[in-house]
Amino acid sequence: MDTSDQLPMLTPADIERPSPARIYDYWLGGSNNFAADREVAERAAAAMPTLKAAIWANRAFLRRAVKALVTEYGVTQFLDLGSGVPTVGNVHEIAQGADPSCRVLYVDIDPVAVAHGHSLLEGNAQASVIHADLRHPETVLEHPRTAELIDFSKPVAVLMIAVLHFIPDEEQPGQIVQAYREVLSPGSFLALSHAAPDLEHPTEQAGMIDDYQRSTRVRFIHRTPEQLRAWLGDFAVQPPGIVQVNQWRPEAENDQHILRTYGLLARKES
Ligand SMILES: C[S@@+](CC[C@H](N)C(=O)[O-])C[C@H]1O[C@@H](n2cnc3c(N)ncnc32)[C@H](O)[C@@H]1O
Numbered sequence: 007m008d009t010s011d012q013l014p015m016l017t018p019a020d021i022e023r024p025s026p027a028r029i030y031d032y033w034l035g036g037s038n039n040f041a042a043d044r045e046v047a048e049r050a051a052a053a054m055p056t057l058k059a060a061i062w063a064n065r066a067f068l069r070r071a072v073k074a075l076v077t078e079y080g081v082t083q084f085l086d087l088g089s090g091v092p093t094v095g096n097v098h099e100i101a102q103g104a105d106p107s108c109r110v111l112y113v114d115i116d117p118v119a120v121a122h123g124h125s126l127l128e129g130n131a132q133a134s135v136i137h138a139d140l141r142h143p144e145t146v147l148e149h150p151r152t153a154e155l156i157d158f159s160k161p162v163a164v165l166m167i168a169v170l171h172f173i174p175d176e177e178q179p180g181q182i183v184q185a186y187r188e189v190l191s192p193g194s195f196l197a198l199s200h201a202a203p204d205l206e207h208p209t210e211q212a213g214m215i216d217d218y219q220r221s222t223r224v225r226f227i228h229r230t231p232e233q234l235r236a237w238l239g240d241f242a243v244q245p246p247g248i249v250q251v252n253q254w255r256p257e258a259e260n261d262q263h264i265l266r267t268y269g270l271l272a273r274k275e276s
């Protein structure tokens, strides 16, 4: 695995092949995406009318979870796996806004996401980004930047927000999550969010995912809240449990829209 200092150059083929990071950036209203990304994004949004609302609600869940981790649970270290193209309300902005001593390490497999992360984080000694594949926990955990920023003898929040649905069962997502859980000390957290099956519109959802997978050549697997719970081992799920992201400690009025993306915060007790 290459490091963030040796990012691969993008080839025309990379630009023509839509990427999950850049498609997501487009859905969030960002400008770090290419025509091929936008075409897939538009087709998916047309097929699933609640998709964009789910993406925005997911991003808002991330912000509320990070804020709660700092202000309610006193966590000051964050390992954000599958962090995405930087956008409004990034983890370091929320965390350091609440407590300037917070340290954040971003990890992404997408070179565009990592390159933009580098420019955004220039001059921030307490936040960094590495180019790595979360499916290889040792690569992430043994990376020199990880050792510089994160002290695993103290509580750490590992964020896996809207990323594990890219890992099919045969790649053992449960074992991957376990590998990160095992290095954490008591008082640490996992924050997860994940797309769920749409039981009311299964045909539309299947068609959209088929197009997305063929275009990006990346797998996308919907999972139920019960399947997420199975990855948590003895971590204690914090209130309000595994719920739709828009219903996880909403700041304003409770939003009852059915968005089929679930989120949770779970704590390592001992
Ligand atoms: C849908 S975006 C989510 C971004 C952010 N976590 C959020 O929820 O706003 C998923 C991100 O995960 C990254 N990703 C997918 N598979 C990955 C892997 N195996 N290792 C690291 N990053 C990965 C993608 O490149 C993309 O940037």
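Under my numbering, the residue at position 160 of the sequence shown is numbered 166, and the numbers go up by one with no gaps. C-beta atoms are modelled at their ideal positions from N, C-alpha and C, and glycine is treated no differently.
Can you find the residues in the same chain that come closer than 7 Å, C-beta to C-beta, to I61, ignoring five residues on each side of it along the sequence?
Taking the first residue of the sequence shown as 1, we reach residue 61 at position 55. Closer than 7 Å at the Cβ level, and outside the excluded window around I61, lie Y30, W33 and L34.
Do A53 and E210 have their C-beta atoms within less than 7 Å of each other?
Your numbering for residue 53 matches position 47 in the sequence shown. Your numbering for residue 210 matches position 204 in the sequence shown. In this structure, E210 lies closer than 7 Å to A53 by Cβ.
Name the DSSP bridge partner or partners of I167?
By 1-based counting over the sequence shown, the position of residue 167 is 161. In DSSP, I167 forms a bridge with S199.
Cα-Cα separation between A119 and A202, rounded to whole angstroms:
As a position in the sequence shown, residue 119 is number 113, starting the count at 1. As a position in the sequence shown, residue 202 is number 196, starting the count at 1. Spanning the two alpha carbons is a distance of roughly 25 Å.
Determine the DSSP secondary structure at T77, reduced to helix, strand or coil.
Counting from 1 along the sequence shown, the entry for residue 77 is found at position 71. DSSP places T77 in helix when its eight states are reduced to three.
Beta bridge counterpart(s) of V113 as assigned by DSSP:
Walking along the sequence shown from the start, residue 113 turns up at place 107. In the DSSP output, where bridge partners are listed per residue, V113 has L87 and I136.
Pick from G36, K274 and H142 that is closest to G239, judged by C-alpha positions:
Counting from 1 along the sequence shown, the entry for residue 239 is found at position 233. When only C-alpha atoms are compared, the closest one is K274.
When burial is assigned at 16 or more other CB atoms within 10 Å of the CB, is Q12 buried or exposed?
Along the sequence shown, one-based indexing puts residue 12 at 6. Because the pLDDT at Q12 is just 46, under 50, the model does not fix this residue reliably, and the value given afterwards should be weighed accordingly. Looking at its Cβ environment, which holds fewer than 16 other Cβ atoms inside 10 Å, Q12 is exposed.
In its own chain, which residues sit with a C-beta less than 8 Å from the C-beta of D204, not counting the 5 before and 5 after it?
Position 198 of the sequence shown, counted from the start, is the residue given in the question as residue 204. Same-chain partners within the cutoff: M54, E210, Q211, H228 and R266.
Ligand 1 heavy atom lying under 6 Å from the CB of A27
Position 21 of the sequence shown, counted from the start, is the residue given in the question as residue 27. Yes; taking the cut-off as 6 Å, the Cβ of A27 has a heavy atom of ligand 1 nearer than that.
Where does G80 land, buried or exposed, given buried means 16+ other C-beta within 10 angstroms?
On the sequence shown, residue 80 is found 74 positions in, with the first residue counted as 1. G80 should be labelled exposed.
Tell whether a beta-carbon distance below 7 Å holds between F158 and V189.
Here residue 158 corresponds to residue number 152 of the sequence shown, with the count starting at 1. Here residue 189 corresponds to residue number 183 of the sequence shown, with the count starting at 1. In this structure, V189 lies closer than 7 Å to F158 by Cβ.
D6 and L165: beta carbons closer than 7 Å?
Examination of residue 6 is not possible in this model, given that the chain is present from 7 through 276 alone.
Rounding to the nearest angstrom, what Cα-Cα distance links R187 and V146 in this structure?
Here residue 187 is taken as the residue at index 181 of the sequence shown, counted from 1. Here residue 146 is taken as the residue at index 140 of the sequence shown, counted from 1. Rounded to whole angstroms, R187 to V146 spans 13 Å at the Cα level.
Return the residue from the list K160, R141, V113 and E22 that minimises the CA-CA distance to T82.
One-based indexing of the sequence shown puts residue 82 at position 76. Closest by alpha carbon: K160.
Buried or exposed: P245, going by 16 or more other Cβ atoms within 10 Å of its Cβ?
Residue numbering aside, residue 245 sits at position 239 when the sequence shown is read from its first letter. By the 10 Å Cβ count, P245 comes out exposed.
Which of helix, strand or coil DSSP assigns to V120
As a position in the sequence shown, residue 120 is number 114, starting the count at 1. In the structure shown, V120 sits in a helix (DSSP, three-state: H, G or I).
Between the CA atoms of E232 and D217 - distance to the nearest angstrom
Stepping through the sequence shown from its first residue, residue 217 is reached at position 211. Stepping through the sequence shown from its first residue, residue 232 is reached at position 226. Answer to the nearest angstrom: the Cα atoms are 27 Å apart.
Check whether the Cβ atoms of A163 and L75 lie closer than 7 Å to each other.
Indexing the sequence shown from 1 puts residue 163 at position 157. Indexing the sequence shown from 1 puts residue 75 at position 69. In this structure, L75 lies closer than 7 Å to A163 by Cβ.
Taking the Cβ atom as the reference point for each residue, do E22 and A47 lie within a distance shorter than 7 Å?
The count along the sequence shown starts at 1 and reaches residue 22 at position 16. The count along the sequence shown starts at 1 and reaches residue 47 at position 41. No, these two residues do not count as a Cβ contact at 7 Å.
T17, DSSP secondary structure in three states
Indexing the sequence shown from 1 puts residue 17 at position 11. Three-state result, T17: coil.
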